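Chains as they are written, first to last, in the working numbering: chain X, 739 to 1680; chain V, -9 to 146.
Every residue, glycine too, gets a C-beta built ideally from N, C-alpha and C.
All figures in this text were calculated on a predicted structure; none of them were measured in a lab.
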Amino acid sequence: MDADNKVRRKEVLSSMCEQRARMLQDQFSVSVNHVHALAILVSTFHYDKDPSAIDQDTFAEYTARTAFERPLLSGVAYAERVKHSEREKFERQHDWTIKTMKREPSPIRDEYAPVIFSQETVSYIESLDMMSGEEDRENILRARATGKAVLTSPFRLLGSHHLGVVLTFPVYKSKLPSKPTVEERIEATAGYLGGAFDVESLVEYLLGQLAGNQAILVNVYDITNSSDHLIMYGHQNQDGDLALLHESQLDFGDPFRKHQMICRYHQKATTSWTALTTAFLFFVICLLVGYILYGAAIHIVKVEDDFHEMQELMVRAEAADVAKSQFLATVSHEIRTPMNGILGMLALLLDTDLSSTQRDYAQTAQVCGKALITLINEVLDRAKIEAGKLELETVPFDLRSILDDVLSLFSEKSRNKGLELAVFVSDKVPEMVMGDPGRFRQIITNLVGNSVKFTERGHIFVEVHVAENPKPIDDAKAETCLNGGALISGGRRFNTLSGYEAADERNSWDSFQHLVTAKALQDDASVKMEVADEASQSVTLMVSVEDTGIGIPLIAQHRVFTPFMQADSSTSRNYGGTGIGLSITKCLVELMGGHISFISRPQVGSTFSFTTVFGRCEKASLGVGDTKKSNAEDLPSGFRGLKAIVVDGKPVRAAVTRYHLKRLGILVEVANNVKIAASACGKNDSSCGSKIQPDIVLVEKDSWLSGEDGSMNLRMFDWKHNGHMFKLPKLILLATNITNAELEKAKAAGFADTTIMKPLRASMVAACLQQVLGTGKRQPGNGMLNGSSVLGGLLCGKKILVVDDNMVNRRVAAGALKKFGAAVECAESGKAALKLLQLPHSFDACFMDIQMPEMDGFEATRRIRMMETRANEQMNGDTDQGSVRKDEWHLPILAMTADVIHATYDECLKCGMDGYVSKPFEEENLYQAVAKFFKTKPVSDS
Amino acid sequence: MMGLVADRLRADANRLLAFLFNQGILDEQFLQLQQLRDESSPNFVSEVVNIHFHESEKLLRNLRSLLMDREFSGYNKMGIHLNQFMGSSSSIGAKRIRNACFAFRAASEQNSRAGCLRALELLEHDYCFLKNKLHELFQIQQQRVLAAGARYPMQN
Chain X
739 MDADNKVRRK EVLSSMCEQR ARMLQDQFSV SVNHVHALAI LVSTFHYDKD PSAIDQDTFA
799 EYTARTAFER PLLSGVAYAE RVKHSEREKF ERQHDWTIKT MKREPSPIRD EYAPVIFSQE
859 TVSYIESLDM MSGEEDRENI LRARATGKAV LTSPFRLLGS HHLGVVLTFP VYKSKLPSKP
919 TVEERIEATA GYLGGAFDVE SLVEYLLGQL AGNQAILVNV YDITNSSDHL IMYGHQNQDG
979 DLALLHESQL DFGDPFRKHQ MICRYHQKAT TSWTALTTAF LFFVICLLVG YILYGAAIHI
1039 VKVEDDFHEM QELMVRAEAA DVAKSQFLAT VSHEIRTPMN GILGMLALLL DTDLSSTQRD
1099 YAQTAQVCGK ALITLINEVL DRAKIEAGKL ELETVPFDLR SILDDVLSLF SEKSRNKGLE
1159 LAVFVSDKVP EMVMGDPGRF RQIITNLVGN SVKFTERGHI FVEVHVAENP KPIDDAKAET
1219 CLNGGALISG GRRFNTLSGY EAADERNSWD SFQHLVTAKA LQDDASVKME VADEASQSVT
1279 LMVSVEDTGI GIPLIAQHRV FTPFMQADSS TSRNYGGTGI GLSITKCLVE LMGGHISFIS
1339 RPQVGSTFSF TTVFGRCEKA SLGVGDTKKS NAEDLPSGFR GLKAIVVDGK PVRAAVTRYH
1399 LKRLGILVEV ANNVKIAASA CGKNDSSCGS KIQPDIVLVE KDSWLSGEDG SMNLRMFDWK
1459 HNGHMFKLPK LILLATNITN AELEKAKAAG FADTTIMKPL RASMVAACLQ QVLGTGKRQP
1519 GNGMLNGSSV LGGLLCGKKI LVVDDNMVNR RVAAGALKKF GAAVECAESG KAALKLLQLP
1579 HSFDACFMDI QMPEMDGFEA TRRIRMMETR ANEQMNGDTD QGSVRKDEWH LPILAMTADV
1639 IHATYDECLK CGMDGYVSKP FEEENLYQAV AKFFKTKPVS DS
Chain V
-9 MMGLVADRLR ADANRLLAFL FNQGILDEQF LQLQQLRDES SPNFVSEVVN IHFHESEKLL
51 RNLRSLLMDR EFSGYNKMGI HLNQFMGSSS SIGAKRIRNA CFAFRAASEQ NSRAGCLRAL
111 ELLEHDYCFL KNKLHELFQI QQQRVLAAGA RYPMQN
């Protein structure tokens, strides 16, 4: 672009220069021509006329009037050729002497050229001898020799001191021959017409007429002498764009002299605006782009930094969270320890003789302490869950008995409130499942505890089903029920456990029946089903806890599972509690691979339901054929084959009763009311007991009271049976709560036998039935099923080896185990233990310390296992030996360790151990560990 | 009169126990230990505790001699001793001693001899303190048994 611009600039310059040169040349030649004309005029009118037609005045006037024709000439003058010989005559004639240029009388010369005519503007040169000036003389000589106009080299003019040139024309006296020689010309010369070109003002004037005058600088040179250029116009040392110039040749008509015009730009090429702006814009754009890139880079860096920072913050936050949980866990643990001290001391205190007030205080303190411990345990649980430290066990356990236990926990409370509390477990739920019984119990306890807390009337119903292809119809129903709150009608009687409306109608009789009957139908095909079921390793259970309590306000429903959030602050005022329970429950459920959800309608009730995944229990691990016995509480089997009639108007409740009786092996018929039951009996009587001869009749209190002629009907029973020789069916009243008056009435009405208070539990029902039927050789310990007695039952009579190098530990462990009735032997090193365990031995279990000098627990266990395998191999070859003991030698070995954290369970298992207990023996811990091995052996053996 | 004495003794024993619990010298394991006492071994607790003291003294002696050794390098051995010490103290519920052992073990794991020495001194101090207190306690209990022996069967 710049080059382009330069080219253009150059072109402009050259054209301007040429233009000026041509103009100057034209003007010049016009003037020259005119001077030529003047010369001819002088020759014509001065010499050819006689006398002369021109004198000074005429010449002055004429030239003045024709001065416009010669704008370039400052003035013209005519000098006559005077030879020295003619000087005197000439001076006389003109009456003045010839003077030199310096206005002195001229010295003597060959010839003179005094000015005789002059234009007024140059009148000062009249009478001056032009030959006296060097320049002029040369000019004159050259002019008369050539006969043409000649120019001097530039010099300062006399008048104006401007640079100028003098133009000289020869004037010849007579006509010249056509081709005159130089001598002829000189001879014929009469005078000279000269004019001074004021080149400077001339060019100035000329340029002033042209556009672009300011832009360019014009210099005119006389370059006759090529080595020394004489300036005619312009300053020699003028600034300007020296880089670019244009030369134009000027021809002023004098072949001897050469002139040149040089044009330059005044200013250096102002780089063009477009180029400039373009460059500028480009620069700006570059700048912007650069800035954008820079900004982007900075931004990226910043974002990256932020990201890293965030990441670090996140890590720190997570660490803080874990630290918080760990802190909580630690602190809770630390609090628990002194709290145990406090509770222990309180227990000691209560053992002392106290006044009743003191006892009251102490008991209050104990209750509060226990509440605090519970709370701390909850916090600890939660913290543990959050810290990821909570590990679930996988041990076989009986779901039903756990549910019964939980129910028994709350039976007192619910009875006081007059609530129906019931549990129902579907037949399809396996007898034993693999999972964490403690946590499962915790979940159920939490939920039922909540329900009990918030329910004043109606019922609490725990249901367990196998979750399988959920029924879409039910779900749809649930949806409408949930969303369309207007579904509830007033006076309707609900087919729920207690007849009160429940929040989730899925549990009403319709669907319940559906589930139960479907199950009954499947019983036939159960063999097939079971095969299929067995294939899958796990079973998903659907547990729901339904209550008819105050429900959860709609606004609070979303934060029910948030820790420390109760429905509203008044809740904790009215009902107590911290609101941490449900959040723990949720955590636990999720840990167990399930979901928890709830449906709640204020003033109607809530139904919490959750799913949980349990492993199926391989039958093989439970010992053969005694699955029943493996329950934590053994249900007596003495009722097998008994027949019972349950009289209950409410089908759900009846189903629950039936479920419990069924667990005892009792065949159950359900009758809607007493009349039907009686007639059923009657019918059977007539057919002589071919079908059902009920041994027991269980009558729900409501049904009994509601039948207006209840007592009469009962008499009917009596009467009918009195007539027969058959054993009379025992009449049993089922009641949630019963007043003394009612009790009397019941007795009068014929329920002499007994009253079973709800909530029903299989074991309790069994105990009552034993009492009624008189079959009861009461089993020892049945009924007080707390931990230590169970542990006692488990360990009683067992021979146990304790291996520990630390004498104190040995002693304590032995003491603890002895307390539970075990026979304990001790060994102080792995080697001693090996010696004692040489086969055959009579130990039932071994507790093994892990950290021992010489041979640690792992090594010792490994060796014991090796010994056993060898023995087993031998035995397989020779079957006679193993007759006394089990089929195979496998001594349960439990690791004892103080560091529960470091004792990796896996490592214990790897070397053949069966479990571990943490070292200061805790009863519960010990029980859990031991239960796995001794459970399967019937207690009654001992 | 005898009843009063017995009450006072019981109160003393309880106070002392409470103090020990309060100060974090003992923990609930000690209570559990007490529950292990039965007719067949009425002196179970003191028996066990005496064994503990016996062992502990041996261990402390060993630890000290290990630490005093000029070219001392027995950190490993020390660890084993400490583990034993810890095990037996946690068995009887001597919580503070167990904690002191923890600190000791930490110091020995860092191979810091100065730390070990400090920890040993602390441990010895704690040990003496506990020993004294427990002796006191047993004495009281002894007296209690004596005082109660005439009248009632043993409590708890």
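If I follow the unbroken beta strand (DSSP E) through residue i, where does it start and stop?
i: Gln1576/X; result: Careful: Gln1576/X lies outside any beta strand (DSSP E) and carries neither H nor E.
i: Arg995/X; result: Looking at the DSSP string, Arg995/X is not in any beta strand (DSSP E), and its letter there is neither H nor E.
i: Lys1468/X; result: Lys1468 to Ala1473
i: Cys1584/X; result: Ala1583 to Asp1587
i: Gly987/X; result: It should be pointed out that residue 987/X corresponds to Gln in this sequence rather than to Gly. Here the beta strand (DSSP E) through Gln987/X covers Leu983 to Leu988.
i: Arg1354/X; result: Gly1343 to Arg1354
i: Lys787/X; result: No beta strand (DSSP E) contains Lys787/X, which DSSP labels as neither H nor E.
i: Thr927/X; result: Thr927 to Phe935
i: Ser891/X; result: Unbroken run through Ser891/X: none, as it is neither H nor E.
i: Asn1078/X; result: First-last for Asn1078/X: Trp1011 to Asp1089, but that is the alpha helix (DSSP H), not the beta strand (DSSP E).
i: Asn957/X; result: Ile954 to Asp960
i: Ile15/V; result: First-last for Ile15/V: undefined, no H or E at that position.
i: Ala1409/X; result: Leu1405 to Ala1409
i: Leu72/V; result: Element bounds for Leu72/V: not the beta strand (DSSP E) but the alpha helix (DSSP H), Tyr65 to Ile82.
The alpha helix (DSSP H) with residue i in it runs from where to where?
i: Ala883/X; result: Glu872 to Thr884
i: His1203/X; result: Element bounds for His1203/X: not the alpha helix (DSSP H) but the beta strand (DSSP E), His1197 to Val1204.
i: Lys1557/X; result: Met1545 to Lys1557
i: Val909/X; result: Unbroken run through Val909/X is the beta strand (DSSP E), Leu901 to Tyr910; no alpha helix (DSSP H).
Under 7 angstroms between beta-carbons, which chain X residues line up against residue i? List them in chain order, please.
i: Ala159/V; result: Because chain V spans -9 through 146 in this model, residue 159/V falls outside it and cannot be assessed.
i: Leu21/V; result: Gly1082
For residue i, which residues does DSSP report across the bridge?
i: Ile1434/X; result: Ala1382/X and Lys1468/X
i: Thr1278/X; result: Val1351/X
i: Cys118/V; result: None, per the DSSP bridge assignment.
i: Ser31/V; result: Asp28/V
i: Val1163/X; result: Val1202/X
i: Leu866/X; result: Lys837/X
i: Gly1289/X; result: Gly1289/X is not bridged to any residue.
i: Met1634/X; result: Asp1587/X and Val1655/X
i: Lys1537/X; result: Ala1561/X
i: Val814/X; result: Gly933/X
i: Pro1340/X; result: Pro1340/X pairs with nothing; no bridge assigned.
So residue i contacts chain X; which residues on that side make the cut at Cβ distance below 8 angstroms?
i: Val38/V; result: Val1546, Arg1549, Val1550 and Gly1553
i: Arg0/V; result: Thr1090
i: Gln94/V; result: Here residue 94/V turns out to be Phe, not Gln, going by the sequence shown. Neighbours of Phe94/V on chain X: none; closest Cβ ~15 angstroms, over 8 angstroms.
i: Ser78/V; result: Asn1544, Met1545, Val1546 and Asn1547
i: Ile163/V; result: The structure shown does not extend to residue 163/V, since chain V spans only -9 to 146, so no value can be given for it.
i: Gln74/V; result: Asp1543 and Asn1544
So with CB distances below 9 angstroms, who are the chain X contacts of residue i?
i: Gln13/V; result: Near Gln13/V there are no residues of chain X at all, since even the closest Cβ is about 10 angstroms away, more than 9 angstroms.
i: Asp28/V; result: Gly1553, Lys1556 and Lys1557
i: Asn4/V; result: Met1083, Leu1086, Leu1087 and Thr1090
Starting from the beta carbon of residue i, find every residue of chain V whose beta carbon is closer than 7 angstroms, and list them in chain order.
i: Thr1075/X; result: Asp17 and Glu18
Note down, in chain order, every chain V residue with its Cβ under 9 angstroms from the Cβ of residue i.
i: Asn1663/X; result: Correct list: empty, because the minimum Cβ distance to chain V is about 12 angstroms.
Can you pull the chain V residues whose beta carbon is under 8 angstroms from the beta carbon of residue i, in chain order?
i: Gly1559/X; result: Result: empty, since nearest Cβ-Cβ is about 11 angstroms, beyond 8 angstroms.
Compile a chain-ordered list of the residues in the region 1085 to 1099 of chain X whose CB is closer than 8 angstroms to at least one CB of chain V. Leu1086, Leu1087, Asp1089, Thr1090 and Asp1091
Tell me the start and end of each unbroken alpha helix (DSSP H) in the region 1105 to 1161 of chain X that is at least 4 residues and wholly inside, in chain order. 1137 to 1155
Using a Cβ-Cβ cut-off of less than 8 angstroms, give me the residues of the region 1112 to 1126 of chain X that come near chain V, in sequence order.
none
*If you measure beta-carbon to beta-carbon, which residues of the region 124 to 135 of chain V are closer than 7 angstroms to chain X?*
From the region 124 to 135 of chain V, no residue has a Cβ closer than 7 angstroms to chain X.
Name, going along the chain, the residues of the region 1581 to 1594 of chain X whose beta-carbon falls closer than 7 angstroms to a beta-carbon of chain V. Gln1589 and Pro1591
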